[in-house]
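Single-structure report; data block below.
Protein chains in written order, with the numbering used here: chain A, 26 to 140; chain B, 39 to 267.
Now the structure itself:
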């Protein structure tokens with residue numbers, strides 16, 4: 026914990042410095058992950074396996090971009106909260122809209138195909 | 039480092055991240071210790087997150103509620119290159135180009151803070167060039183879909199009518215962001231080259247970088263939800 030806090034203190038006033046090799050490694054990793062997600066389509070995985078793989082690769086890529094490229098990993102906790110708390114509202118909205126979509130779908134089936 | 043900052047940092051050394059949040063918010067000064075431009079960029083990106091989320095959510099909503107089959111993106115976006123029928127190939131190339139541009143941008147930010155102006159400008163221009171090629175490919179993709187496949191916002195020959203509306207809205211808005219980013223990058227690269235930030239410091243490169251990485255980030259979600267799902 027102490028080590029983490031000392032890392033954080035650099036960001037506060039001084040710009041973060043990392044070796045270029047870190048960015049090259051992350052870049053390579055993003056390339057591999059993108060290739061993997063493309064392979065999901067190329068090999069035509071279907072069903073639950075397809076969705077799990079797509080989401081897993083997507084979150085890994087998004088995490089790498091946010092944490093390393095956008096330097097959020099080295100930001101203070103207050104900044105992380107500023108960025109990650111509001112999107113919870115989006116998750117709730119997605120849940121509500123999927124429930125609504127199911128309702129619309131059922132309503133359409135009932136009225137279009139059941140005269 | 040000023041005395042005031044030193045005091046705060048040494049205080050942080052033995053506090054938890056949560057305690058640091060309390061300290062940041064209760065101290066009688068600005069809560070976020072970063073240049074105001076960077077904070078404003080973060081606030082803008084947060085609001086942009088909401089806009090793209092709403093587009094993707096509305097796409098999810100129409101796709102789930104459509105009673106006709108959704109066109110298979112793997113087939114819609116397939117290309118025949120040298121006699122080989124490859125699914126989704128152009129989109130894959132676009133993804134790799136955008137990730138590469140994110141890599142060059144991250145390195146530009148690093149070189150900017152090292153004070154290496156020449157490398158910063160070249161890497162920013164490389165990023166802008168990659169972004170421009172992305173837009174070019176998207177223009178090609180749109181032309182193919184509109185002219186050859188007959189996809190319109192109100193209907194298409196392959197399936198659910200909502201496909202076109204969702205596609206043009208989401209990729210169009212993202213393409214607009216990429217175009218704005220290319221212009222933004224070019225302007226900042228020019229100004230860095232002119233030495234306008236020599237005294238002010240190179241935070242502006244990081245701020246531009248944040249915007250560009252965000253554009254790449256949005257593409258990760260579009261690629262997963264629209265093209266692969």
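Built from N, CA and C at the ideal position, the CB exists for glycine as well.
Check: Which value, in whole angstroms, describes the spacing of the CA atoms of residue 64 of chain A and residue 121 of chain A?
Finding: For the purposes of this step, residue 64 of chain A is identified with residue 39 of the first chain, where counting begins at 1. For the purposes of this step, residue 121 of chain A is identified with residue 96 of the first chain, where counting begins at 1. Spanning the two alpha carbons is a distance of roughly 32 Å.
Note to self: For residue 119 of chain B, report the span of its beta strand (DSSP E) as first-last.
What the structure shows: Counting from one through the second chain, the residue named residue 119 of chain B turns up at place 81. Run containing residue 119 of chain B: 117-119, per the beta strand (DSSP E) assignment.
Notebook entry, point to check: Should residue 29 of chain A be labelled buried (16 or more other beta-carbon atoms within 10 Å of its own) or exposed?
Noted result: Locating residue 29 of chain A in the first chain gives position 4, counting from the first residue. With a pLDDT of only 47 at residue 29 of chain A, under 50, the local geometry of the prediction cannot be trusted, and the value read off the model is given with reservation. With fewer than 16 other Cβ atoms within 10 Å, it is exposed.
Margin query: Within the continuous alpha helix (DSSP H) that includes residue 208 of chain B, where are the two ends?
Written below: Indexing the second chain from 1 puts residue 208 of chain B at position 170. Residues 200-231.
Notebook entry, point to check: According to the neighbour-count rule (16 or more other Cβ atoms, all chains shown, within 10 Å of its Cβ), is residue 136 of chain B buried or exposed?
Noted result: Translated into the one-based positions of the second chain, residue 136 of chain B becomes position 98. Looking at its Cβ environment, which holds 16 or more other Cβ atoms inside 10 Å, residue 136 of chain B is buried.
Next item on the list: Please classify residue 124 of chain B: does DSSP put it in a helix, a strand, or coil?
Entry: To locate residue 124 of chain B, count along the second chain from 1; it is residue 86. In the three-state reduction of the DSSP assignment, residue 124 of chain B falls in the strand class.
Check: In chain order, what residues of the same chain lie with their CB nearer than 7 Å to the CB of residue 65 of chain B, ignoring the 5 residues before and after it?
Finding: Locating residue 65 of chain B in the second chain gives position 27, where the first residue counts as 1. Counting only Cβ-Cβ distances below 7 Å, and skipping sequence neighbours, we find nothing.
Notebook entry, point to check: According to the neighbour-count rule (16 or more other Cβ atoms, all chains shown, within 10 Å of its Cβ), is residue 1 of chain B buried or exposed?
Noted result: Summary: the structure shown does not reach residue 1 of chain B, with chain B confined to residues 39 through 267, and so no result is reported for it.
Next item on the list: Below 8 Å on the Cβ atoms is my guess for residue 173 of chain B versus residue 210 of chain B; work out the distance and round it to an integer in Å.
Entry: As a working mapping, residue 173 of chain B is identified with position 135 in the second chain. As a working mapping, residue 210 of chain B is identified with position 172 in the second chain. With 8 Å as the limit, residue 173 of chain B and residue 210 of chain B do not qualify as a contact, their Cβ atoms being about 11 Å apart.
Notebook entry, point to check: So is residue 49 of chain A buried or exposed if we call it buried at 16+ other beta carbons inside 10 Å?
Noted result: Position 24 of the first chain holds residue 49 of chain A. That one is exposed.
Margin query: Quick test of your reading: residue 241 of chain B and residue 76 of chain B, contact by CB under 8 Å. State the CB separation rounded to the nearest angstrom.
Written below: Reading the second chain from its first residue, position 203 is the one you call residue 241 of chain B. Reading the second chain from its first residue, position 38 is the one you call residue 76 of chain B. Going by Cβ atoms, the distance from residue 241 of chain B to residue 76 of chain B rounds to 6 Å, so yes, they are a contact pair.
Next item on the list: Indicate the three-state DSSP secondary structure (helix, strand or coil) for residue 193 of chain B in the structure shown.
Entry: Within the second chain, numbered from 1, the residue matching residue 193 of chain B stands at position 155. Of the three classes helix, strand and coil, the one that applies to residue 193 of chain B here is strand, per DSSP.
Next item on the list: Any chance you could list the alpha helix (DSSP H) runs of at least 4 consecutive residues sitting entirely within the segment 56-126 of chain A, in chain order?
Entry: 72-89, 102-109
Next item on the list: Report the three-state DSSP secondary structure of residue 175 of chain B (helix, strand or coil).
Entry: Here the question's residue 175 of chain B lines up with position 137 in the second chain. It is helical.
Notebook entry, point to check: What did DSSP end up calling residue 169 of chain B once you bin it into helix, strand or coil?
Noted result: Against the second chain, residue 169 of chain B aligns to sequence position 131. If DSSP states are grouped into helix, strand and coil, residue 169 of chain B belongs with the helices.
Checklist line | Sub-8 Å separation of residue 165 of chain B and residue 146 of chain B beta-carbons | finding: Position 127 of the second chain, counted from the first residue, corresponds to residue 165 of chain B. Position 108 of the second chain, counted from the first residue, corresponds to residue 146 of chain B. Yes, they are a contact pair.
Notebook entry, point to check: Alpha carbon to alpha carbon, what distance is there between residue 106 of chain A and residue 116 of chain A?
Noted result: Working through the first chain from its first residue, we reach residue 116 of chain A at position 91. Working through the first chain from its first residue, we reach residue 106 of chain A at position 81. Separation of residue 116 of chain A and residue 106 of chain A (C-alpha to C-alpha, rounded to the nearest whole angstrom) is 16 Å.
Next item on the list: Let me know the secondary structure DSSP gives residue 71 of chain B once reduced to three states.
Entry: On the second chain, residue 71 of chain B is found 33 positions in, with the first residue counted as 1. Of the three classes helix, strand and coil, the one that applies to residue 71 of chain B here is coil, per DSSP.
Item checked: Proximal residues, the segment 49-61 of chain A versus chain B, C-beta separation under 7 Å -> 52, 55, 56, 59
Item checked: Interface partners of residue 113 of chain A on chain B, CB under 8 Å -> If you number the first chain from 1, residue 113 of chain A lands on position 88. None at all; the shortest Cβ gap to chain B is about 11 Å.
Notebook entry, point to check: How should residue 125 of chain A be labelled, buried or exposed, when 16 other C-beta atoms within 10 angstroms of its C-beta is the threshold for buried?
Noted result: One-based indexing of the first chain puts residue 125 of chain A at position 100. By the 10 Å Cβ count, residue 125 of chain A comes out exposed.
Notebook entry, point to check: Can you tell me whether DSSP reads residue 43 of chain A as helix, strand or coil?
Noted result: Taking the first residue of the first chain as 1, we reach residue 43 of chain A at position 18. For residue 43 of chain A, the secondary structure class from DSSP, reduced to helix, strand or coil, is coil.
Next item on the list: Rank B/72, B/63, B/266, B/200 by C-alpha distance to the C-alpha of residue 239 of chain B and give the top, closest one.
Entry: In the second chain, the residue the question calls residue 239 of chain B occupies position 201. Measuring from the Cα of residue 239 of chain B, the nearest candidate turns out to be B/72.
Check: What residues from the segment 118-145 of chain B come within 7 Å of chain A, judged by C-beta to C-beta, listed N to C?
Finding: 125, 126, 130, 133, 134, 137, 140, 141, 144, 145
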